[in-house]
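Colleague: Keeping their order, the protein sequence lines are chains S, Y and U. For the first sequence, my numbering begins at 6 and goes up steadily by one. For the second sequence, my numbering begins at 1065 and goes up steadily by one. For the third sequence, my numbering begins at 15 and goes up steadily by one. Have a look at this one.
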Amino acid sequence: MSDFWKRFSRNRQAVLGLIILCVVIFVAAIANFIFPTDPFLYSKFPLSAPGENGFLLGSDSIGRDVASGIAHGAKTSLLIGLIATLAAVFIGVIFGAFAGYYGGIVDDILMRITEVFQTIPSFVFAILLVAIMKPSIESVVIAITVVSWPAVARLVRGEFLGLKNREFVQACHTLGMSDVRIMLAEILPNCLSPIIVIGSLMVATAILIESGLAFLGLGDPNVMSWGFIISDGRSMLRVAWWICTFPGIAILITVLAINLVGEGLNDALNPRLRERN
Amino acid sequence: MNRSSKIIRYVSRRLIQGIPIILAIVVLNFFLLNLAEGDAVDVLAGEAGSATPEYMEEMRKKFGLDKPLPVQLAVYLKNVIQLDLGYSFRHDMQVTELIIDRFWPTLILMVSTILLAVGFGVLLGLFAAINLNTWKDSMVSVFALITYATPLFWVGLMMIILFSIKNDWFPTSGMENSAMFYEGFERVKDIAHHLVLPTITLSLFYLALYTRMMRASMLEQYGQDYVITARAKGVSERRITFVHVLRNALLPVVTMAGVQVGALIGGSVIVESVFAWPGLGMLAFESLFARDLNLLLGIFLLSSALVVAVNLVVDVIYCFLDPRIEVN
Amino acid sequence: MKLTKIMKGVLAAASIAAVGSFAQAQQAGGSLVFLVQPEPPTMAGYVSTSGPIGLLGPKIYDGLVDYDNDGKMVPMLAESVDVSPDGKTITFNLRKGVTWHDGEAFTSEDVQFTIMDVLKKVHPRGPNSFKEVSSIDTPDAHTAVFNLDNPAPYMLRALSSYESPMVPKHHLEGQDVKTAKLANNPIGTGPFKFVEWKKGQYMRLDKNENYWREGRPYLDRIVGRFVPDASTRAAAMEKGEVLYAAYNAVSNVEAVRLNKEKDNIGLTTDGYSMINPMALLEFNTKEGPFTDAAVRRAISTAIDRQYMIDTIFFGYGKPATSALSSNFSATGLHAKMPNYPANGDVAAANKILDDAGYARDGNGVRMKGMFDLIPYGEDWKRGGQYIQQVLGEIGIQVELRYEDVPTWLKRVYHNYDFEMNLNYFYQLSDPVLGVHRHYGTNMIRKGTHFVNSSRYSNPELDALLSAGMTTPDATKRAGIYLDIQKILANDMPVVNLFELEFLVVYNTKLKGAYGSAMGAYASFGDAYLD
């Protein structure tokens, strides 16, 4: 473990990413303390510029505090990213593990199903799902999950295919271990690293999809998120640039941070691919 | 059997396997879309400003929407097999006609985007790999990530403001100048002129992917045995990089580009919206909210077929390019 | 029989009065590119009253008359109109020498066919507007005589090319009007001919060389462009790629900015006097938390209408003061009513609820509800968000629901599965045309959109509505509508919020497009580029 940290911390960018991510999570956690009032609260000072009327980052079209929205929205955006990713990874691992381990007809069927979902243009499919289930946090999470799991399934299948014929697995067979036990306890831990890497990048993608959906008017109107603020300011870009820009920057640094951490994880967990010195 | 007949068998097998996938997609979306509340008649009546329930029932009968779902699906599939994608009641046109109309603007945008994104991605990835772990490398990574993470619509609008309004270099939107109605070469120039901003906007987004892929691919190649051997033989670093490693590193990047084709049809919804580019993405979006099922299903069908075909082409090209790959 | 000439046939005088001074020479030629948002679903303006159709249809189709900025009738396909003293016979003297775009002659048979076989049958408002017309006689090719069962003063205000376009009998006769090919290949008598419709891009109309008005139109071509993104539309306007935008194609925020920053971009609120859009709340009066009129009165009292106008519509609007738009004061029908405070009175609203016995629980909540929003854009989302908070201040906790159009339509007008709905309606040029549909018992029609969704039913009011429809005498009518407004100010099945003031944003290069009361829905026959 400390070995891992040593390798990780050698990558300065990854460490920077981790720090930024921690800051974002911290802000999300203490949002209720630094901005105790409801971020949805309208005011008599709409479209205030940053610094005007006591609004640190300005106010939006009905006078809501952009800074407050960003702090409270951090929690939503991060949670959407995290939950959607966990769900996608869960489903993808199940599909990929069974397909890779059993092979044959099980593999064929599971992979055909995966291909079906992979072939549908994902953003349009996400829009379709949200529109059908009516825009809400739940439907957005489900939509992101559905378009994200195929990539995980493919990856896990590849790993399981590679690992299932190794000696240690043969040994487990001889010992009489059940298939599920082998898959869960023996093979899966050995392919955790690519899963972690792809998972971390998925969180960033999920946040981007959420803001894209909000831009198209498909966000949840009852929950504060970065996408919510952006969708409000979208048509006011020329007269009130701050409404879109600050949450956009929040998304930018969060996605950046997650990607840097993901790359750092990749480098630390896959010494084969490490750079020549 | 020799390699070419193996490949032919492989291609035919993949094509045949592709058909049930495409059909499965159509059936899946058919049922999903029917889960949505309201139908095309509701939308038409809502836009019309009013309609009596009798009028709407009549319209439903005319559109075939009053039949039970499995019957509607069977009719649809029967038509699809005969290459008839149905009728869009909303647009009062054949679906095929509508899709073809909007397909080639999508194609133009897609091809330009891939060329630009892959081209620059390869160059940047190469640059980063050569200058590994220096500030140049970090700069490339950060630049790529920034372009990936900035909301597409924001980039698009900034492009319009900077290069169309503040500097009158490009038009704000649309595919052609709708007051001039150019013909022939003038028209090609006009379209190219309108193509620039949307292409740059969309390319910036995909750039990150190809940059990172190229960089990682180059690094993977550097770790291969043949590079160590070449170095031992005294081949110059420069030659190793540009003659051997580069060529091999390009392969996975090109594969990725092929895979992206499918994503591009859907992913361009935002760019098409911002730049009023008359592509399939916007058409799909509008047809969803108009409950124009035939049209939306037709678009899904086309894009899935495209993805299956392109994946196949890329795999086959890969086989030809890399003799070590087994065709099985 | 002494007929009253209610519209003089001298075209030049009327048009001069309407358009203003012709001090500078109109230049012929040029193309007008303007914004059409959203793309129309069809060009069948005789079947659909969808707004965007109105931006292009009236350039292709003419109506019997037009209306100037003062609301007075102006000759179009009818040169003059004579009304009998009892109001039951109306004679339209039609213009001679008018041809359809395909060369066929326009005759009174086209008028008879349009009204009796098309508008009365399939137009959303036609059956209502022409309810009293039992038959139309065509004594000769240029005279159409309308025979009415009862006088219908409102009918004469529904004859514009937008509301009642004249369609060619020889293209629709014998066909199913709703699905005829004419829909996407319109053939009219208007100043511009349909040339092509590139879906997702633009619609192109070229000059009608054989237009009945000598020397018109000035423009060679009109192109309506479809641009999905609001900021891009404003950018196109800013750059001069498009010269005209109406009905919120360019948002108020951007319109004000462009007008301020650029010398060549102007604004006007003219051109909407026949439309009278009204933002309002529809309530479910049969089920749910809002069945008590006292609660609805409290909601009406709490909302700060002026704030909504200033914040969401950038100051363009007027707080509603009754169930009728104040624009009806011109015909004496509007009267100010209580329960419509312009600035909102949260304290008074709380008192209404306290007095009605709705106590607050531990969290200060008196009742909960669902709030549906019209999915026609961000302005309405914002409006809903503001109202949600104001209601919170008086102890009503609502959850916002934002669905797409077909889902929303089904929910509200088919299933009545709503409690409170934010919406906006056109009150049009007479209350009979646009207001009655909210309140009449006979307008409770499950499955029909945009009519009495609250299922409000009041026999006393029904009688008054009937009377208002058939009373030609202006003073008597005013009295009837006064009573109507008093009842509605108390019962409030629909709470009117504010009168929307749409803007027309134009490039000063475009002249001659501002003389009609129909505004953007006019024919643009007089428009020219400077």
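For every residue, glycine included, the Cβ atom is placed at its ideal position computed from N, Cα and C.
Can you list the beta strand (DSSP E) stretches of 3 or more residues lying completely in the stretch 123-206 of chain U, in chain order?
Modeller: Correct list: 147-154 and 157-162.
Colleague: Helix, strand or coil, according to DSSP, for residue 294 of chain U in the structure here?
Modeller: Residue 294 of chain U sits at position 280 when you count from the first residue of the third sequence. Three-state DSSP puts residue 294 of chain U in a strand.
Colleague: In three-state terms, what does DSSP make of residue 80 of chain U?
Modeller: Your numbering for residue 80 of chain U matches position 66 in the third sequence. In the structure shown, residue 80 of chain U sits in a strand (DSSP, three-state: E or B).
Colleague: For the beta strand (DSSP E) containing residue 439 of chain U, list its first residue and its last residue.
Modeller: Translated into the one-based positions of the third sequence, residue 439 of chain U becomes position 425. 434-440 is the span of the beta strand (DSSP E), which, as asked, contains residue 439 of chain U.
Colleague: Going by alpha carbons, who is nearest to residue 1285 of chain Y out of Y/1177, Y/1345, Y/1274 and Y/1305?
Modeller: Looking up residue 1285 of chain Y in the second sequence gives position 221. Out of Y/1177, Y/1345, Y/1274 and Y/1305, Y/1305 has the C-alpha closest to the C-alpha of residue 1285 of chain Y.
Colleague: Within 10 Å of its beta-carbon, does residue 303 of chain U have 16 or more other beta-carbons around it, so buried, or fewer, so exposed?
Modeller: Here the question's residue 303 of chain U lines up with position 289 in the third sequence. Counting Cβ neighbours within 10 Å, residue 303 of chain U comes out buried, since at least 16 surround it.
Colleague: Given that a residue counts as buried once 16 or more other Cβ atoms are within 10 Å of its Cβ, and exposed if not, what is residue 429 of chain U?
Modeller: Working through the third sequence from its first residue, we reach residue 429 of chain U at position 415. Classification for residue 429 of chain U: exposed.
Colleague: Within 8 angstroms, do at least three Cβ pairs link the stretch 215-229 of chain U to the stretch 1306-1325 of chain Y?
Modeller: Cβ pair count under 8 angstroms is below three, so no.
Colleague: Residues in its own chain within less than 6 angstroms of residue 405 of chain U by CB, not counting five upstream and five downstream?
Modeller: In the third sequence, residue 405 of chain U corresponds to position 391, counting from 1. So the qualifying residues of the chain are 412.
Colleague: To the nearest angstrom, how far is the alpha carbon of residue 1201 of chain Y from that of residue 42 of chain S?
Modeller: As a first step, residue 1201 of chain Y is located in the second sequence; it is residue number 137 there, counting from the start. As a first step, residue 42 of chain S is located in the first sequence; it is residue number 37 there, counting from the start. The alpha-carbon atoms of residue 1201 of chain Y and residue 42 of chain S are separated by roughly 44 angstroms.
Colleague: Exposed or buried, what is residue 1233 of chain Y when buried is set at 16 or more other beta-carbons lying within 10 Å of its beta-carbon?
Modeller: Residue mapping note: residue 1233 of chain Y aligns to position 169 of the second sequence, counting from 1. Per the 10 Å Cβ criterion, exposed.
Colleague: Spell out whether any CB of chain S is found under 9 angstroms from the CB atom of residue 398 of chain U.
Modeller: Walking along the third sequence from the start, residue 398 of chain U turns up at place 384. Chain S, which has a Cβ nearer than 9 angstroms to the Cβ of residue 398 of chain U, makes this yes.
Colleague: Determine the DSSP secondary structure at residue 1157 of chain Y, reduced to helix, strand or coil.
Modeller: On the second sequence, position 93 is the one that residue 1157 of chain Y refers to. If DSSP states are grouped into helix, strand and coil, residue 1157 of chain Y belongs with the strands.
Colleague: Strictly by DSSP, which residues pair up with residue 333 of chain U?
Modeller: Counting from 1 along the third sequence, the entry for residue 333 of chain U is found at position 319. Residue 333 of chain U is bridged to U/512.
Colleague: Between the C-alpha atoms of residue 1289 of chain Y and residue 1309 of chain Y, what's the straight-line distance to the nearest angstrom?
Modeller: For the purposes of this step, residue 1289 of chain Y is taken as residue 225 along the second sequence, with counting starting at 1. For the purposes of this step, residue 1309 of chain Y is taken as residue 245 along the second sequence, with counting starting at 1. If you take the alpha carbons of residue 1289 of chain Y and residue 1309 of chain Y, they lie about 11 angstroms apart.
Colleague: Would you check if the stretch 218-235 of chain S and the stretch 46-61 of chain S touch, i.e. whether three or more CB-CB distances between them fall below 8 angstroms?
Modeller: Judged by Cβ distances under 8 angstroms, the stretch 46-61 of chain S makes no contact with the stretch 218-235 of chain S, as fewer than three pairs qualify.
Colleague: With a cut-off of 8 angstroms, do at least 3 Cβ pairs link the stretch 160-180 of chain S to the stretch 229-247 of chain S?
Modeller: The stretch 160-180 of chain S, when compared against the stretch 229-247 of chain S, does not touch it at the 8 angstroms Cβ threshold.
Colleague: With distance defined between alpha-carbon atoms, name the residue in S/268, S/140 and S/78 nearest to residue 207 of chain S.
Modeller: Taking the first residue of the first sequence as 1, we reach residue 207 of chain S at position 202. The candidate whose alpha carbon is nearest that of residue 207 of chain S is S/268.
Colleague: Taking the alpha carbon of residue 172 of chain U as the point to measure from, which residue in U/439, U/212, U/56 and U/289 has its own alpha carbon closest?
Modeller: Residue numbering aside, residue 172 of chain U sits at position 158 when the third sequence is read from its first letter. With distances taken between Cα atoms, residue 172 of chain U lies closest to U/289.
Colleague: Considering only residues of the stretch 220-254 of chain U, which uninterrupted beta strand (DSSP E) runs meet the minimum length of 3 residues and lie entirely inside it, listed in chain order?
Modeller: Within the stretch 220-254 of chain U, the complete beta strand (DSSP E) runs of at least 3 residues are 235-239.
Colleague: Relative to the alpha-carbon of residue 1217 of chain Y, which residue among Y/1313, Y/1261, Y/1371 and Y/1241 has its alpha-carbon at the smallest distance?
Modeller: Your numbering for residue 1217 of chain Y matches position 153 in the second sequence. Closest by alpha carbon: Y/1261.
Colleague: Mind checking if residue 217 of chain S is an interface residue toward chain Y, Cβ cutoff 9 angstroms exclusive?
Modeller: Taking the first residue of the first sequence as 1, we reach residue 217 of chain S at position 212. Closer than 9 angstroms: yes.
Colleague: So, does the CB of residue 1152 of chain Y fall closer than 9 angstroms to a CB anywhere in chain S?
Modeller: Within the second sequence, the letter at position 88 stands for residue 1152 of chain Y. It does not; no Cβ of chain S falls within 9 angstroms.
Colleague: For chain U, check one thing: does any of its Cβ atoms lie closer than 9 angstroms to the Cβ of residue 47 of chain S?
Modeller: To locate residue 47 of chain S, count along the first sequence from 1; it is residue 42. It does: the Cβ of residue 47 of chain S has a partner Cβ on chain U nearer than 9 angstroms.
Colleague: In chain order, what residues of the same chain have a beta carbon less than 7 angstroms from the beta carbon of residue 262 of chain U, not counting five sequence neighbours either side?
Modeller: By 1-based counting over the third sequence, the position of residue 262 of chain U is 248. 516.
Colleague: Quick check: residue 1184 of chain Y and residue 1274 of chain Y, are their CB atoms within less than 9 angstroms of each other?
Modeller: The residue labelled residue 1184 of chain Y in the question sits at position 120 within the second sequence. The residue labelled residue 1274 of chain Y in the question sits at position 210 within the second sequence. It is a contact, given that the beta carbons lie within the stated cut-off.
Colleague: For chain Y, is any of its Cβ atoms less than 9 angstroms away from the one on residue 136 of chain S?
Modeller: By one-based count along the first sequence, residue 136 of chain S stands at place 131. It does: the Cβ of residue 136 of chain S has a partner Cβ on chain Y nearer than 9 angstroms.
Colleague: Using C-beta distances below 8 angstroms, list every residue in its chain close to residue 245 of chain U, excluding the 5 sequence neighbours before and after it, in chain order.
Modeller: For the purposes of this step, residue 245 of chain U is taken as residue 231 along the third sequence, with counting starting at 1. Same-chain partners within the cutoff: 268.
Colleague: Is the stretch 475-494 of chain U close to the stretch 1135-1144 of chain Y, with three or more CB pairs under 8 angstroms?
Modeller: Touching, no.
Colleague: Are the CB atoms of residue 1281 of chain Y and residue 1189 of chain Y within a distance shorter than 9 angstroms?
Modeller: For the purposes of this step, residue 1189 of chain Y is identified with residue 125 of the second sequence, where counting begins at 1. For the purposes of this step, residue 1281 of chain Y is identified with residue 217 of the second sequence, where counting begins at 1. It is a contact, given that the beta carbons lie within the stated cut-off.
Colleague: Following the continuous alpha helix (DSSP H) through residue 156 of chain S, name the residue where it begins and the one where it ends.
Modeller: The sequence position of residue 156 of chain S within the first sequence is 151, counting from 1. Counting along the chain, the alpha helix (DSSP H) containing residue 156 of chain S begins and ends at 142-168.
Colleague: Could you tell me the boundaries of the beta strand (DSSP E) in which residue 260 of chain U lies?
Modeller: Here residue 260 of chain U corresponds to residue number 246 of the third sequence, with the count starting at 1. Counting along the chain, the beta strand (DSSP E) containing residue 260 of chain U begins and ends at 258-260.
Colleague: Please list the terminal residues of the continuous alpha helix (DSSP H) segment that includes residue 109 of chain S.
Modeller: As a position in the first sequence, residue 109 of chain S is number 104, starting the count at 1. Where residue 109 of chain S is concerned, the enclosing alpha helix (DSSP H) stretches over 109-124.
Colleague: Looking at the unbroken alpha helix (DSSP H) that takes in residue 1104 of chain Y, where does it start and where does it end?
Modeller: Along the second sequence, one-based indexing puts residue 1104 of chain Y at 40. 1104-1112 is the extent of the alpha helix (DSSP H) around residue 1104 of chain Y.
Colleague: So if I threshold CB-CB distances at 9 angstroms, which residues from the stretch 457-486 of chain U count as touching chain Y?
Modeller: Residues 459, 460, 461, 462, 463, 464 and 465.
Colleague: Is residue 1349 of chain Y close to chain S, meaning its C-beta is less than 9 angstroms from at least one C-beta of that chain?
Modeller: Taking the first residue of the second sequence as position 1, residue 1349 of chain Y is located at position 285. Yes, residue 1349 of chain Y lies at the interface with chain S (some Cβ there is under 9 angstroms from its Cβ).
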